[in-house]
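Enquirer: Chains as they are written, first to last, in our numbering: chain A, 11 to 357; chain B, 11 to 357; chain C, 11 to 357; chain D, 11 to 357.
Protein chains: 4
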Amino acid sequence: MNEVKVGIIGASGYTGQELVRLLLQHPHAEINAVTSQSYTGKKFSEVFPSFTGALDLNFASNDRLAGIADECDLLFFALPHMLAAEAVDDTLLDKTKVIDLSADFRLKDPSQYDTWYQATHPRPAMLNKAVYGLPEWRRTEIASARLVANPGCYATCTILSLLPLTGAQLLHEPLIVDAKSGVSGAGRAADIATAFSECNESLKAYKVASHRHTPEIEQELSSFASTPLRLTFTPHLVPMNRGILVTAYCELDKSVALEDVFHIYDQKYANEPFVKVLPSATPETRWVKGSNSCQIGLTVDERTRRLIVVGVIDNLIKGASGQAVQNMNIMFGLPETTGLAQLAVLP
Amino acid sequence: MNEVKVGIIGASGYTGQELVRLLLQHPHAEINAVTSQSYTGKKFSEVFPSFTGALDLNFASNDRLAGIADECDLLFFALPHMLAAEAVDDTLLDKTKVIDLSADFRLKDPSQYDTWYQATHPRPAMLNKAVYGLPEWRRTEIASARLVANPGCYATCTILSLLPLTGAQLLHEPLIVDAKSGVSGAGRAADIATAFSECNESLKAYKVASHRHTPEIEQELSSFASTPLRLTFTPHLVPMNRGILVTAYCELDKSVALEDVFHIYDQKYANEPFVKVLPSATPETRWVKGSNSCQIGLTVDERTRRLIVVGVIDNLIKGASGQAVQNMNIMFGLPETTGLAQLAVLP
Amino acid sequence: MNEVKVGIIGASGYTGQELVRLLLQHPHAEINAVTSQSYTGKKFSEVFPSFTGALDLNFASNDRLAGIADECDLLFFALPHMLAAEAVDDTLLDKTKVIDLSADFRLKDPSQYDTWYQATHPRPAMLNKAVYGLPEWRRTEIASARLVANPGCYATCTILSLLPLTGAQLLHEPLIVDAKSGVSGAGRAADIATAFSECNESLKAYKVASHRHTPEIEQELSSFASTPLRLTFTPHLVPMNRGILVTAYCELDKSVALEDVFHIYDQKYANEPFVKVLPSATPETRWVKGSNSCQIGLTVDERTRRLIVVGVIDNLIKGASGQAVQNMNIMFGLPETTGLAQLAVLP
Amino acid sequence: MNEVKVGIIGASGYTGQELVRLLLQHPHAEINAVTSQSYTGKKFSEVFPSFTGALDLNFASNDRLAGIADECDLLFFALPHMLAAEAVDDTLLDKTKVIDLSADFRLKDPSQYDTWYQATHPRPAMLNKAVYGLPEWRRTEIASARLVANPGCYATCTILSLLPLTGAQLLHEPLIVDAKSGVSGAGRAADIATAFSECNESLKAYKVASHRHTPEIEQELSSFASTPLRLTFTPHLVPMNRGILVTAYCELDKSVALEDVFHIYDQKYANEPFVKVLPSATPETRWVKGSNSCQIGLTVDERTRRLIVVGVIDNLIKGASGQAVQNMNIMFGLPETTGLAQLAVLP
């Protein structure tokens with residue numbers, strides 16, 4: 011089998027580094043280029059010594075994009091929001107496939123970027139060419155896409171946790187999603203808000219009812235439910251490096267029992283390699299840390315007739331770079347689990 | 011002013027230790043006895059070297075309770091559930107006042123102990139003699155009580171965060187409380203579930219829809235709302251020592267604006283020394299760590315017309331031992347903030 | 011007793027915040043001014059919400075120094091290195107006493123600043139007017155000083171751990187000090203090196219054999235030993251907020267037993283309120299977290315005839331702001347423990 | 011190539027779990043049995059849900075050892091000390107090869123077990139049949155061994171960090187090793203000493219000058235130096251899950267420069283797949299977390315003519331289970347890196 015030649019545009023953030031790590035261990039990928047504005051010209055393994063002996067590339071400048079595209083079958087973009095939107099056009103897509111890890115191609119309605127990102131999307135016409143890259147729900151579209159919008163970390167966990175309910179017409183408002191993330195979700199940056207002594211031994215809610223993953227969650231839930239759905243979404247910052255846990259609350263129709271709900275989830279996910287519905291446990295983030303898995307637990311509060319779905323992922327893997335590699339496998343006809351068989355690393 | 015002579019029955023857990031710490035720094039308290047079954051006869055400061063030079067007492071056996079009661083004006087009980095229920099009777103209360111930090115006297119309806127604690131309460135007649143010791147809401151009753159049931163940590167934070175809504179008839183179902191606690195809330199014990207490497211770098215929900223603080227929260231909300239209220243309560247374990255953060259979700263009547271809600275909370279709490287309603291921030295647990303404060307932040311999700319209340323406390327102080335000292339101050343006619351002026355210790 | 015009117019020049023770092031916290035709880039101090047360049051004009055308690063309701067001051071600009079000095083009996087400087095050296099001259103000291111928490115007045119030999127700080131000291135003549143503010147060893151000088159150089163955090167812990175040996179002529183080379191600090195020791199700054207996800211779950215040595223606290227340690231050890239002493243000093247960064255632990259290694263003369271060493275330490279420190287020599291335990295940093303204490307443990311490795319001294323402090327209290335308040339108490343004739351009786355907060 | 015059929019005797023501790031994880035991802039190993047006393051009969055993946063879908067075995071009882079040995083080419087023992095010493099005899103070794111992760115076969119001199127383990131070794135005659143399994147130094151012996159004693163975690167890191175000096179006769183007393191470990195090194199157990207709230211936000215030295223890895227370090231250093239060597243060894247417990255960092259101090263002969271030392275290390279390790287000598291950085295534990303690597307940094311303190319070697323490993327991988335798999339590869343003629351190519355997982 012031929013190697014997939016890849017470039018990673020923006021390889022110095024956490025999702026970029028994680029792509030490098032996963033792709034170096036992928037049997038059919040070959041990293042041709044890594045870029046970074048801040049580290050241009052520096053050796054990757056000197057900037058990130060955990061890669062000593064594993065990668066012998068220097069960071070290229072982001073300005074070399076066109077040249078890199080010529081040499082690659084696939085580019086991963088891991089840039090701040092609205093930079094990929096500028097860079098990815100039909101000319102680029104003629105040369106190479108693209109998986110974008112930012113939000114730039116996730117929303118179908120361009121006006122949502124004005125509302126949630128305070129930015130006018132520079133290429134709204136591209137939005138309909140992009141496929142929302144959640145393999146468990148859009149596998150076929152991904153297979154034939156040239157541009158995949160890799161979902162947000164919170165969005166991945168929330169959507170995987172709730173979408174099976176649509177099949178049984180059980181997903182309806184009110185919908186409340188209380189989400190918690192480790193600090194790496196905030197990206198790799200010199201920022202007082204994510205300084206060790208400011209985050210450690212503390213917990214906070216942030217962007218209450220205003221987090222940018224809200225519209226992509228609503229877009230996908232509404233699309234599969236075939237009806238507009240709104241939710242209240244509250245993210246929290248947890249003093250740990252990795253992991254997302256989503257606690258989702260849905261009102262349940264009277265006649266539905268826990269075993270019915272479990273059956274619905276099991277039917278959907280039983281053959282999915284990366285989603286496990288736990289029959290009798292509530293998942294912990296450490297059970298998926300370092301792996302591309304999503305684990306889901308289900309509880310019915312009989313007193314209030316409410317379903318509580320708890321979903322966990324590793325925000326940097328299934329919530330970002332692992333899912334991107336999963337999308338790559340699909341786009342290039344590789345077995346979907348190729349290079350992604352890592353088990354959770356615990357403790 | 012005379013000293014209040016106190017004994018701490020069960021002083022080797024985290025709430026017991028914290029009582030000792032706070033009472034040693036209290037200008038009108040004198041610790042006469044500390045007990046522990048596991049450490050009987052040992053010097054307190056050798057078991058807990060942070061107290062070196064500060065306390066010159068040995069642990070007495072719990073069996074010495076009657077004798078200790080004779081010498082004390084007040085006993086704090088910090089024992090596992092159902093031990094205080096056995097020990098506290100009218101005879102004891104004739105000798106000494108009691109503040110119990112367990113759940114044994116919190117619920118008015120004895121059948122709730124069967125339901126939630128899988129235990130038959132041994133002295134149901136005492137339940138109506140006990141006052142639920144949440145000073146901001148039951149100050150007068152506490153002042154004249156001989157037996158105070160110190161509220162649970164989650165319950166304190168949840169009730170303080172929601173009760174002001176009752177004054178304006180704004181508290182009604184559906185009610186969802188998503189709560190998060192540091193690990194010290196699980197107590198001081200050799201337990202694999204709270205071992206460092208099992209909790210650190212992980213997050214989990216636990217006792218989903220079945221946590222024992224649920225009935226005391228419902229009891230107090232229902233009491234002040236003058237109507238039965240049920241809620242879904244989901245606790246989570248966060249890898250940090252101290253802190254509780256409660257995110258509570260309530261449907262909001264159409265006409266109510268955020269400023270109305272803020273006004274309601276401000277009216278209730280403006281003069282409370284230990285509750286602060288933040289005008290423009292969402293509280294973080296570190297802002298109250300080491301203090302007896304509760305901080306509350308309010309957000310209205312205009313898209314879904316839902317109120318999101320975020321409350322934080324230090325689970326060992328306002329959620330346990332600090333509140334117990336606050337209750338002591340009230341019961342003995344001391345200014346309520348005596349010995350409790352500590353500001354949060356951060357980072 | 012009159013209040014000591016104080017100003018805190020540079021109150022937005024961790025040592026500045028900690029000074030504010032301790033001084034607000036000090037019965038004889040009154041905070042007249044807090045300054046900050048980045049937050050000038052902002053309300054202190056809005057920048058640091060843990061002080062809500064406790065301090066009603068806005069940050070002044072550092073440029074207001076002269077005016078602030080007029081209104082204060084004492085200024086604490088908590089600025090980056092070489093800023094106090096510029097600002098503190100005889101004119102200022104005529105108006106007010108000064109305790110400087112930076113390194114600017116700690117070293118007697120101006121050339122050491124060139125060597126270790128890569129900076130020429132702007133006022134070398136002031137160095138001999140300053141007293142090295144380690145109360146347990148320079149109490150009398152501090153009492154009459156107008157300018158006190160508050161020791162470095164590592165230096166405090168190392169010097170307290172080793173100096174008693176000088177009395178018995180037991181301190182001699184080779185001397186190795188392996189030190190470990192929590193992350194707050196690096197200060198409050200937006201810096202990728204102290205970002206949560208870069209420090210958490212990791213440990214590193216840094217500035218190996220080149221840390222700037224080395225010369226002040228050598229200065230004090232040499233001064234009391236009356237002979238030049240050099241040591242190898244290796245600091246490490248530990249994923250916790252607070253705490254310093256120093257492990258010091260000294261060769262031991264053949265005839266000296268552990269009990270002899272213990273006796274030497276005990277004689278020196280038995281009456282010190284803030285230094286405890288543990289008779290039978292090795293101290294942990296949590297035993298002093300939140301307090302102004304230093305705890306010391308002693309071990310003799312009989313196999314190699316080597317003494318191992320383990321000392322712990324809270325780097326922000328005994329290692330910085332608490333010690334500064336201790337110095338203030340001495341300088342103003344207050345009992346040395348005033349405002350510093352806090353016991354360790356654990357867990 | 012045939013599969014190596016393995017059994018893991020004691021698979022419920024952290025090293026046992028980690029063996030399972032690594033061997034499941036090993037292309038030429040097949041796990042035939044996992045044992046545990048506490049979980050006998052339970053499904054492995056129900057006890058450890060991170061293995062859901064990955065391993066379909068139940069825990070067998072340790073009593074089934076003989077039967078398991080019949081079916082396996084190799085047994086890994088990961089039991090508490092002195093249990094493998096009882097179980098492993100010539101009869102067993104006739105059936106199967108053994109890699110023991112405890113200390114039971116590491117020391118050549120049986121009397122050392124009395125001194126350091128307070129236990130009389132039950133089969134002293136086996137000690138000389140065992141090979142100390144540090145591949146970088148005893149590769150040939152390991153290849154032909156039937157019984158390999160997998161080194162201790164601290165010992166691995168210390169010996170790898172110091173042994174190259176023996177080649178140039180530069181290793182001599184005084185030798186001081188200040189070592190630091192994450193909490194998983196203490197094993198998986200319900201123990202108050204490793205409870206989250208007792209370890210988190212704290213640092214301590216423990217077993218000062220009395221840790222059991224001391225004699226195996228001295229045995230190996232002395233063996234390669236061809237002269238008896240003693241060291242002072244002080245371990246510390248760091249609030250993180252994984253990682254060991256060793257800071258070793260050696261007096262340096264006058265004429266030796268840093269580049270000489272670097273050359274010595276580089277010559278020894280340049281072709282080692284799992285040991286990297288960093289040319290210009292001091293290693294951090296996160297750079298090897300999740301990998302089988304050891305990274306080493308070198309500094310010369312010119313002021314005191316002392317060499318400071320900093321070495322890091324992941325205590326559960328290169329310090330235990332990864333090294334055991336490396337030994338397995340050698341014992342069965344597989345390429346030494348088989349199944350061990352994982353890069354560090356960070357953050």
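Backbone N, C-alpha and C define an ideal beta-carbon position, used for all residues, glycine too. In this text, all values refer to a predicted model and were calculated from it rather than measured experimentally.
Judging by CA-CA distance, which residue of C:M338, C:P345 and C:L181 is the nearest neighbour of C:Y275?
Expert: Of the candidates C:M338, C:P345 and C:L181, the one whose C-alpha sits nearest the C-alpha of C:Y275 is C:L181.
Enquirer: Counting only C-beta atoms, is D:T257 closer than 8 Å to chain A at any point?
Expert: At a cut-off of 8 Å between beta-carbon atoms, D:T257 makes no contact with chain A.
Enquirer: Of the choices A:E96, A:T295, A:K328 and A:P245, whose alpha-carbon is the least far from that of A:H221?
Expert: A:P245
Enquirer: What residues in the segment 30 to 41 of chain C bring their beta carbon closer than 8 Å to a beta carbon of chain B?
Expert: R31, L34 and Q35
Enquirer: Have a look at B:T150 and B:L239 and give me their C-alpha separation to the nearest angstrom.
Expert: 24 Å
Enquirer: Under 8 Å between C-beta atoms, does A:L350 make it to chain D?
Expert: no
Enquirer: Between the C-alpha atoms of A:F342 and A:G177, what's the straight-line distance to the nearest angstrom?
Expert: 29 Å
Enquirer: Once you ignore the five residues that flank A:S71 on each side, which residues in its own chain have a CB closer than 6 Å to its CB?
Expert: T50
Enquirer: Return the residue from the list A:I18, A:R31 and A:L247 that minimises the CA-CA distance to A:S194.
Expert: A:L247
Enquirer: Closest Cβ-Cβ distance between D:G253 and chain A: below 8 Å?
Expert: No, D:G253 lies away from the interface with chain A (no Cβ there is under 8 Å from its Cβ).
Enquirer: What does the alpha-carbon distance come out to for the pair A:I254 and B:D124?
Expert: 36 Å
Enquirer: Any C-beta of chain C sitting closer than 8 Å to the C-beta of A:A21?
Expert: no
Enquirer: A:L241 to B:L231, Cα distance in whole Å?
Expert: 25 Å
Enquirer: Any Cβ of chain C within less than 8 Å of the Cβ of A:N210?
Expert: yes
Enquirer: C:Y164: which of C:E226, C:E208, C:Q179 and C:W147 sits nearest, CA to CA?
Expert: With distances taken between Cα atoms, C:Y164 lies closest to C:E226.
Enquirer: If you pair each beta-carbon of the segment 93 to 100 of chain B with each one of the segment 200 to 209 of chain B, do three or more pairs fall below 8 Å?
Expert: no
Enquirer: Out of B:I327, B:G23 and B:G192, which one is the CA nearest neighbour of B:A215?
Expert: B:G192
Enquirer: Scan the segment 254 to 325 of chain A and note each continuous beta strand (DSSP E) run of 3 residues or more that stays entirely inside, going in chain order.
Expert: 254 to 261, 285 to 287, 304 to 311 and 316 to 323
Enquirer: How about A:V30 and A:I41: are their beta carbons less than 8 Å apart?
Expert: yes
Enquirer: At a CB-CB cut-off below 7 Å, which residues of chain B make contact with A:I323?
Expert: What A:I323 touches in chain B: nothing, since even the nearest Cβ is about 12 Å away.
Enquirer: Pull the bridge partners of B:S191 from the DSSP assignment, please.
Expert: B:L247 and B:I254
Enquirer: Assign C:V140 to buried or exposed, taking buried as 16 or more other Cβ atoms, counted over all protein chains shown, within 10 Å of its Cβ.
Expert: Correcting the residue identity first, residue 140 of chain C is Ala in this sequence and not Val. Burial call: buried.
Enquirer: Answer with buried or exposed for D:Q336, where buried requires no fewer than 16 other C-beta atoms within 10 angstroms of its C-beta.
Expert: buried
Enquirer: Considering only DSSP beta bridges, list what D:I41 is partnered with.
Expert: D:V16
Enquirer: So, under 8 Å CB-CB, C:T45 and C:A64 are touching, yes? Tell me the CB distance rounded to an integer number of Å.
Expert: About 18 Å; that fails the 8 Å criterion.
Enquirer: For the candidate residues A:E28, A:P37 and A:L32, whose alpha-carbon lies nearest to that of A:N12?
Expert: A:P37
Enquirer: For C:A235, which residues in chain A fall below 9 Å Cβ to Cβ?
Expert: Residues of chain A passing the Cβ test: none, with the nearest at roughly 36 Å.
Enquirer: For C:G307, count the other beta carbons within 10 Å of its own beta carbon; 16 or more makes it buried, fewer makes it exposed. Which is it?
Expert: buried
Enquirer: Mind checking if D:G289 is an interface residue toward chain C, Cβ cutoff 8 Å exclusive?
Expert: What sits at residue 289 of chain D in the sequence shown is Pro, not Gly. No, its Cβ sits nowhere closer than 8 Å to a Cβ of chain C.
Enquirer: Can you tell me which of the three DSSP states A:K118 falls into?
Expert: coil
Enquirer: Cβ of C:M338 within 8 Å of Cβ of C:I109?
Expert: Yes, the pair counts as a contact, with Cβ atoms nearer than the cut-off.
Enquirer: Could you give the DSSP three-state label for C:L137: helix, strand or coil?
Expert: helix
Enquirer: With DSSP as the reference, please indicate the residues paired to A:I109 in a beta bridge.
Expert: A:F86 and A:V158
Enquirer: Closest to B:G197 by C-alpha separation, out of C:Q27, C:P357 and C:L33, would be which residue?
Expert: Distance from the Cα of B:G197 is smallest, within the candidate group C:Q27, C:P357 and C:L33, for C:P357.
Enquirer: Taking only three categories from DSSP, how would you classify A:L213?
Expert: Assignment of A:L213 by DSSP, reduced to helix, strand and coil, places it in the coil class.
Enquirer: What does D:P184 touch in chain C if you count any residue whose Cβ is under 8 Å from its own?
Expert: P184, E261, T314 and R316
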